[in-house]
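Heads up: the structure comes next, in structure tokens.
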Amino acid sequence: MTDVFAQAYPWILSIHIISIISWMAGIFYLPRLFVHHSEKVKLSGETHDLFCMMESKLFKVIMTPAMTSTWIFGLLLVATPGIVDWSEYWPWVKAACVISMSVFHYWLGQQQKNFVAGDRVLSGRLYRIMNEVPTVLLIVIVISVVVKF
Numbered sequence: 000m001t002d003v004f005a006q007a008y009p010w011i012l013s014i015h016i017i018s019i020i021s022w023m024a025g026i027f028y029l030p031r032l033f034v035h036h037s038e039k040v041k042l043s044g045e046t047h048d049l050f051c052m053m054e055s056k057l058f059k060v061i062m063t064p065a066m067t068s069t070w071i072f073g074l075l076l077v078a079t080p081g082i083v084d085w086s087e088y089w090p091w092v093k094a095a096c097v098i099s100m101s102v103f104h105y106w107l108g109q110q111q112k113n114f115v116a117g118d119r120v121l122s123g124r125l126y127r128i129m130n131e132v133p134t135v136l137l138i139v140i141v142i143s144v145v146v147k148f
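Going by numbering that gives the first Met the number 0, the residue at position 75 of the sequence shown is 74; the numbering climbs one at a time, nothing skipped.
And the structure:
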């Protein structure tokens, strides 16, 4: 079975990278929508409903499937012989950051539900600050994979 993964490696890697790009596009954009939603829109009315629909579709239709495929194809890469040496430091750093990114993803999902309910909406400033979390995680992930420290 692992021989199949080795033969399919270029395809698995390609789909993994495409999935990451899709997931990151959403994970960077959704907090920006939250900033504008919390600062410029009342928690009821037509514009609020429009923002809720955009946020929900971004999370459910783009981000969550992209995260799922990122995980699936990432785990297939891990199962490919010779790709990951778990005795090194970098795969553990990457794994911790990917898990953290997934937790952040679900935190965003909870924030989206809060907007729909009109409850516990945070400030635009806090959403701006939280928007830096995936940037830092992504930097650490890329450096750990490329530099393999």
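Glycine residues also receive a C-beta, built at the ideal position from the N, C-alpha and C atoms.
- Around the beta-carbon of residue 23, 16 or more other beta-carbon atoms lie within 10 Å, marking it buried.
- Around the C-beta of residue 15, 16 or more other C-beta atoms lie within 10 Å, and the residue is accordingly described as buried.
- Contact between residue 76 and residue 12 holds: their C-beta atoms lie close to 6 Å from each other, under 8 Å.
- Around the beta carbon of residue 140, 16 or more other beta carbons lie within 10 angstroms, which makes this residue buried.
- With 16 or more other Cβ atoms inside 10 Å of its own Cβ, residue 29 counts as buried.
- Taking the Cα of residue 69 as reference, the smallest distance to any Cα among 100, 36 and 143 is reached at 100.
- Looking at the backbone, the Cα of residue 83 and that of residue 94 are separated by about 11 Å.
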